[in-house]
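Trainee:
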Amino acid sequence: MEPPPRRPLITLTTDFGLSDHYVGVMKGVILARCPEARIIDISHQIPPFCILAGAYTIHQAARWFPPETTHVVVVDPGVGTSRKAIFVEALGQRFIAPDNGVLSIVFAHDRHASAREITNSALFLPSPSSTFHGRDIFSPVAAAIACGLAHHEVGPPLRRIELALGWDPEQLEANSWRGTILNVDRFGNAITNFKTSQFGRIDSGPFEIRARDHRVTEFRRTFGGAPAGLCFAYFGSSDYIELGMNQASAAAFLGLSPGDSITLLSEPPA
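FYI, in this note's numbering the residues of the sequence shown are 30 to 299.
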């Protein structure tokens with residue numbers, strides 16, 4: 030006996046929060062167009078207007094979903110301007126978002142990724158507003174894709190998409206790099222853009238991470254292995270180096286927010 034057909038999956042990632050009606054309205058639009066869809070909330074707590082945190086979040090989450098899941102990402106400070114709406118195929122998934130860098134990490138992690146500009150207005154709600162493209166454009170297009178619309182029908186191919194600034198470390202000197210805080214999680218852990226695959230040697234040699242007026246020089250493998258009050262670096266589950274404290278907020282202690290610059294020295298001066 031063959032398994033029943035899988036209902037189409039659509040995920041939502043936004044900076045809308047949950048105190049207003051915006052997320053519920055997007056779900057209503059999707060279900061009106063594609064009643065069989067299953068809608069999964071990834072997060073609606075992206076810091077307002079923070080494209081970098083949105084880009085990090087969708088890349089971390091999307092790779093754990095079944096193939097051909099449709100992901101809607103709305104962190105869109107440029108809504109209503111000339112910025113494009115785009116459809117991206119990458120990592121075996123489909124993504125619908127503004128072309129402002131929020132899909133740049135996803136795009137960069139798949140050399141076979143492709144993009145299209147969403148121009149087929151027949152898919153939109155009538156008379157789209159200039160302030161709520163999540164409802165009027167992204168949601169109905171996601172519903173159409175999830176329910177079987179041929180991908181080429183959304184619009185023409187794009188050769189490139191906008192890239193989020195700061196997600197890739199910049200080498201300053203032989204042993205120093207400028208990095209960025211990609212995200213701060215609910216526990217106050219500050220997630221850097223230093224990949225463990227590239228900078229994993231910090232667990233066995235001297236290093237220094239400079240964050241504002243602070244210097245982080247300690248490495249721990251677990252939170253329980255650190256004394257109270259110590260800010261330390263560790264290898265996070267997201268495959269990036271993170272800054273944390275045992276039962277306290279490293280981000281608050283260091284004064285860090287997504288987008289802030291930090292510096293890593295692999296052989297700091299004595």
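We put the CB at the ideal spot given by N, CA and C, even for glycine. Nothing here was measured: the structure is a model prediction, and the numbers come from that model.
Counting C-beta neighbours from all protein chains within 10 Å, is the total for Asn204 16 or more, i.e. buried, or is it exposed?
Mentor: Asn204 should be labelled exposed.
Trainee: Scan the segment 211–285 and note each continuous alpha helix (DSSP H) run of 4 residues or more that stays entirely inside, going in chain order.
Mentor: Listed in chain order, the complete alpha helix (DSSP H) runs (minimum 4 residues) inside the segment 211–285 are 225–228 and 279–283.
Trainee: Measuring CB atoms only, is the segment 184–191 touching the segment 142–159, in the sense that at least three cross pairs come out at less than 8 Å?
Mentor: Cβ pair count under 8 Å is three or more, so yes.
Trainee: Where Glu218 and Val104 are concerned, what is the direct C-alpha to C-alpha distance, given to the nearest angstrom?
Mentor: Looking at the sequence provided, one finds Asn at residue 218 rather than Glu. If I take the Cα positions, the gap works out to 22 Å.
Trainee: So Pro76 packs on Ala175, CB below 8 Å; how close in whole Å?
Mentor: Actually they are not in contact, since the Cβ atoms of Pro76 and Ala175 sit about 28 Å apart, beyond 8 Å.
Trainee: Which residues in the same chain have their Cβ closer than 8 Å to the Cβ of Cys79, if we skip the five residues on either side of it in sequence?
Mentor: The answer, listed in chain order, is Asp44, Val104, Pro287 and Gly288.
Trainee: Is it true that the CB of Ile39 sits closer than 8 Å to the CB of Ile68?
Mentor: Yes, the Cβ-Cβ distance between Ile68 and Ile39 is below 8 Å.
Trainee: For Ile166, name the three-state secondary structure that DSSP assigns.
Mentor: Ile166: helix per DSSP, three-state reduction.
Trainee: Rounded to whole angstroms, what is the Cα-Cα separation between Ala114 and Ile125?
Mentor: One C-alpha to the other measures close to 8 Å.
Trainee: So is Gly234 buried or exposed if we call it buried at 16+ other beta carbons inside 10 Å?
Mentor: Its Cβ having fewer than 16 others within 10 Å, Gly234 is exposed.
Trainee: Specify the secondary structure class of Gln89 as computed by DSSP and reduced to three states.
Mentor: If DSSP states are grouped into helix, strand and coil, Gln89 belongs with the helices.
Trainee: Quick one: residues in its chain with C-beta nearer than 8 Å to the C-beta of Leu201, no 5 flanking neighbours on either side, listed in chain order?
Mentor: The answer, listed in chain order, is Arg207 and Thr292.
Trainee: With a Cβ-Cβ cutoff of 8 Å, do Phe248 and Leu294 count as a contact?
Mentor: No; because the gap between Cβ atoms is not below 8 Å, this pair is not in contact.
Trainee: So, are the CB atoms of Phe223 and Tyr263 less than 8 Å apart?
Mentor: No, these two residues do not count as a Cβ contact at 8 Å.
Trainee: Just reading off the beta strand (DSSP E) that Phe124 is part of, what are its end residues?
Mentor: First-last of the beta strand (DSSP E) with Phe124: Gln122 to Pro127.
Trainee: May I have the straight-line CA-CA distance separating Phe161 from Val101, to the nearest angstrom?
Mentor: Those two C-alpha atoms are separated by around 14 Å.
Trainee: Hey, would you say Ala281 sits closer than 8 Å to Gly273, going by beta carbons?
Mentor: Contact flag unset, no.
Trainee: Once you ignore the five residues that flank His73 on each side, which residues in its own chain have a CB closer than 8 Å to its CB?
Mentor: Within the same chain, His73 has close Cβ partners Leu41, Thr42, Thr43, Asp44, Phe45, Gly46, Leu47 and Val52.
Trainee: Any C-beta of chain D sitting closer than 8 Å to the C-beta of Ile39?
Mentor: The structure shown contains no chain D; it is built from a single protein chain.
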